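Worksheet: the structure to be examined is printed underneath.
Now the structure itself:
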């Protein structure tokens, strides 16, 4: 256990390295294009605009209400699903480096969190535009989004540790996870609102993704998230870290053999 | 003071083919009481078998042996990449592994950016890289090319860049895998001089090589490996004779 913790602390010390690598990850994808990383912003904008108009009409929603809701939810979903699906590849993708470079393995997890956070920052611009357009002012409540973002990243960390480790050993897991994430997108209130569901179903309360999205989305829309959302997220964080740390302590040393 | 102590180290690789890595096989295997699993159980390659070695300050160690004898695996254990499955490995001092010289190069970044990136990979801080930037840039002889993305470089130019950064660090323990050579004749001479200067600073060097000339030239100790076992340790001359005797060349 102490060696696993040492690995995670050691990874944090290499922050200049993963900071640079994370930036390169983003820049490499958009190198030599005119808009550069703002393609992330643009494609998210088009997506939110199109979905907003379509589903706003289908669900007969007031666009002033619905579009900010959708924009916030969709962008957050992008962050969460990105963390999870990239998390399954975190060690596999860095195989060459892992076999050549004696660095704490968590370095690769930090790199993944960082590059996903950069992408998220580009997407967040869309929410700012939408909020300004519809005159939505969340006020000071929006500050509640900051601790929520921090705890979300903390969850992304254990998910990448655990899923990355399991995926390196069992190569079906990334495919299983990608499918599950896709299904969860439709089950979680992202394009539909929780109050559209007749009778508060278990689908909401038992869905960890609902709580994860809600603690961040509510403050962005100027609402205070329910206490139960926060409690659920704290519970997920504690249990997730405990399980991930257990696996990571036991099998971390095998990862260079598996990649 | 740098020191390396390996005590009864063994490393075994499970070989997972597609079917052994698949979750389905695992689950079906469990459901059938492990019958299928035992049939398709992972085969194991014993890469290092009961290796005990001790190197001290000033040792210049040459690892010799056939392909697949375990030289690279041993280097990776020394680098701390593989934790041995059995036995203990104690390595004291800052280790710099130079295995893949082009590791961590980003084709779309400029020469300068790559110098920084590579320096960070090798464990330098950003300030350290920047302090050595002029020296590194001068050694590459690439001049204004350093402002261009390295995808515009020839293979030889990329090699020079990688070589210059890699040899600008001052580690206690230097691990070299074979094939560290760079560029045209004039550069090779310059590189050799630098390599000598560079290796002169390290406290312990472990070099895996097939070239007996290189081993003879650089090492005062040699280790002969075969099928993951150490079958000879001692002064270079004697071990090389043993090695050549086995291959039938000598």
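Protein chains in written order, with my numbering: chain A, 98 to 356; chain B, 5 to 254.
In this text, a Cβ means the ideal position worked out from N, Cα and C, and glycines have one as well.
Computed from a predicted model, the values in this text were never measured in an experiment.
The C-beta distance from residue 345 (chain A) to residue 246 (chain A) rounds to 24 Å, too long to fall under 8 Å, and the pair is not in contact. Minimum Cα-Cα distance from residue 125 (chain B) among the listed residues B:109, B:135, B:136 corresponds to B:109.
Under the DSSP assignment, residue 229 (chain B) falls in the beta strand (DSSP E) whose first and last residues are 225–230. Exposure of residue 291 (chain A) is indicated by the presence of fewer than 16 other C-beta atoms within 10 angstroms of its C-beta.
Between the alpha carbons of residue 70 (chain B) and residue 101 (chain B) lies a gap of roughly 21 Å. Between residue 121 (chain A) and chain B, the shortest Cβ-Cβ separation is below 8 Å.
With a cutoff of 8 Å on beta-carbon distance, residue 82 (chain B) and residue 95 (chain B) are scored as near each other. Inclusion of residue 257 (chain A) and residue 187 (chain A) in the CB contact set at 8 Å is warranted, their separation being smaller than that value. Interface annotation for the segment 105–126 of chain B against chain A: 107, 108, 110, 112, 113, 120, 121, 124, 125, criterion Cβ-Cβ distance under 8 Å. Taking 4 residues as the shortest admissible run, the segment 45–116 of chain B contains the following complete alpha helix (DSSP H) segments, listed from N- to C-terminal end: 75–82. Per DSSP, residue 214 (chain A) lies in no beta strand (DSSP E) segment; the continuous alpha helix (DSSP H) that holds it begins and ends at 203–230. Non-local C-beta neighbours of residue 235 (chain B) in its own chain, meaning closer than 6 Å and more than five positions away in sequence, comprise 228, ordered along the chain. Under DSSP, residue 212 (chain B) takes part in a beta bridge, and its partners are B:67. Close to chain A, meaning a Cβ-Cβ distance shorter than 7 Å, are the following residues of the segment 83–105 of chain B: 83, 84, 85, 86, 87, 99, 101, 103, 104. Leaving aside the five residues that flank residue 251 (chain B) on each side, the residues in its chain whose CB is nearer than 8 Å to its CB run, in chain order, 70.
Around the beta carbon of residue 210 (chain A), 16 or more other beta carbons sit within 10 angstroms, so the residue counts as buried. According to the DSSP assignment, residue 125 (chain A) belongs to the alpha helix (DSSP H) that extends over 112–127.
Look at the segment 98–120 of chain A: the residues with a C-beta under 7 Å from a C-beta of chain B are 113, 114, 117. Between the segment 280–288 of chain A and the segment 226–241 of chain A there are fewer than three C-beta pairs closer than 8 Å, too few to call the two in contact.
Counting only Cβ-Cβ distances below 8 Å, residue 125 (chain A) has contacts in chain B at 110, 112, in chain order. The bridge partners DSSP lists for residue 9 (chain B) are B:58, B:94. With a cut-off of 8 Å on Cβ pairs, the segment 180–200 of chain A is not in contact with the segment 314–330 of chain A, counting fewer than three such pairs. Counting C-beta pairs with one atom in each stretch, the segment 192–209 of chain B and the segment 165–172 of chain B have three or more that are closer than 8 Å, which means they touch. Closer than 8 Å at the C-beta level to chain B, one finds these residues of the segment 266–284 of chain A: 266, 267, 268, 269, 270, 273. Using a CB distance cut-off of 8 Å, residue 17 (chain B) counts as an interface residue toward chain A. Put simply, the CB of residue 163 (chain A) is far from chain B, with every gap to its CB atoms at 8 Å or more. The residue among B:146, B:119, B:147 with its C-alpha nearest the C-alpha of residue 136 (chain B) is B:119. Residue state for residue 189 (chain A) is assigned as coil, using DSSP reduced to three classes.
Cβ neighbours of residue 107 (chain A) within its own chain (closer than 6 Å, five residues either side excluded): 201.
Among the residues of chain B, those whose CB is under 7 Å from the CB of residue 350 (chain A) are 87, following chain order. Proximity to residue 130 (chain B) across B:142, B:116, B:143 peaks at B:116, based on C-alpha coordinates.
Within its own chain, the residues whose Cβ lies closer than 7 Å to the Cβ of residue 315 (chain A), once the five positions on either side in sequence are excluded, are 321, 322, listed in chain order.
Proximity of chain A to residue 27 (chain B) at the Cβ level (cut-off 8 Å) is accounted for by 267, 269, 270, 273, in chain order. A distance below 8 Å between beta-carbons, with the five flanking residues on each side excluded, links residue 221 (chain A) to the following residues of its chain, in chain order: 172. Cβ-Cβ distances below 7 Å link residue 104 (chain A) to 201, 202, 203, 349 in the same chain, with the five nearest sequence neighbours on each side left out; the list follows chain order. Residue 177 (chain B): not part of any alpha helix (DSSP H); member of the beta strand (DSSP E) spanning 177–180, first to last residue.
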